[in-house]
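Novice: Below is one structure. I have some questions about it.
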Amino acid sequence: MFNAVVVRKSASNVSYKVEKVDESHLSKGDVLVKVVYSSINYKDMLALQYKGGVIRDYPMIPGIDFAGIVESSSNDKFKEGDNVLVTGYDVGVTHTGGFSEYAQVPGEWIVPIPQEMSIKESMVYGTAGFTAALSIFELEKYGMNIKSQPEILVSGATGGVGSVAIQILHKIGYENITAIVRKEKQIEIAKKIRCKTSNNN
């Protein structure tokens, strides 16, 4: 038995609490992972709402991403002790997710964590960080480059994806970054992450 957050739905409400569960409560998969970290995403918050529109099958263990250590595997690509992460693929939506001490998923969904990255770091970035990094990768693939120092406008700049995108852009050498903001608190946050601001009111 192990601990997991379980979301249940009644006719008029959604409830959630930490429960004792076993492997029979987990969705099918050929790799069992001991979850070390998960991150809390906006989608996870919606999963706990009655009309959140995220979870399709109840009861459900939420958590749309997680990182941990392979406990057991019948998949040739992974072995006990491997550090891995999972994000996407309806994890925490139709397939039990990361808010649990263990998760079971198909090996095709799993990404090995590079040796130079810790398990914790992989979830510090989490789904929001991966989204930001992939967006920057695509922009550079289509011509954006540090040498030209383009003006970069970031919407949602104080949210998960936007704030990580700005930090990545700074880290790799981009300087002309403007955050679209609406509130005074967002302006303060944008200044802390070294951005010019544009008021979206």
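Anchor point for the sequence shown: position 196 equals 196 in full-length UniProt numbering, and the numbering is continuous, going up by one each time.
Cβ coordinates follow ideal geometry from the N, Cα and C atoms, glycine included.
(1) Can you find at least 3 beta carbon pairs, one from the stretch 74-83 and one from the stretch 40-51, that sit closer than 8 Å?
(2) Write down every uninterrupted run of the alpha helix (DSSP H) in the stretch 69-157 whose length is 4 residues or greater and which is fully enclosed by it, in chain order.
(3) Check whether the stretch 9-17 touches the stretch 130-146, taking contact to mean three or more Cβ pairs, one atom from each stretch, closer than 8 Å.
(4) Out of 173, 95, 167, 174, point me to the one whose CA is closest to residue 192's CA.
(5) Which residue comes first and which comes last in the alpha helix (DSSP H) that contains residue 168?
(6) Determine, using beta carbons only, whether residue 6 and residue 17 come nearer to each other than 8 Å.
(7) Below 8 Å on the Cβ atoms is my contact criterion, and I expect residue 85 with residue 67 to pass it. Report the Cβ-Cβ distance as a whole number of Å.
(8) Please tell me whether residue 146 and residue 173 are closer than 8 Å, where the distance is taken between their beta carbons.
(9) Compute the distance between the beta-carbons of residue 65 and residue 38, then report whether it is under 8 Å.
(10) Please state whether the Cβ-Cβ distance between residue 70 and residue 91 is less than 8 Å.
(11) At the level of alpha carbons, what is the spacing between residue 93 and residue 48?
(12) What three-state label does DSSP hand residue 51 in the structure shown?
(13) May I have the straight-line CA-CA distance separating residue 148 from residue 189, to the nearest angstrom?
(14) Under the rule that 16 or more other beta-carbon atoms within 10 Å means buried, what is residue 186, buried or exposed?
(15) What would DSSP say about residue 67, mapped onto helix, strand or coil?
(16) Identify which residue in 157, 62, 163, 170 has its Cα closest to the Cα of residue 150.
(17) Helix, strand or coil: how does DSSP classify residue 198 here?
(18) Spell out the partners DSSP gives residue 177 in its beta bridges.
Specialist: According to the structure shown:
(1) no
(2) 119-141
(3) no
(4) 167
(5) 160-172
(6) yes
(7) 4 Å
(8) yes
(9) yes
(10) no
(11) 11 Å
(12) coil
(13) 26 Å
(14) buried
(15) strand
(16) 170
(17) strand
(18) 152
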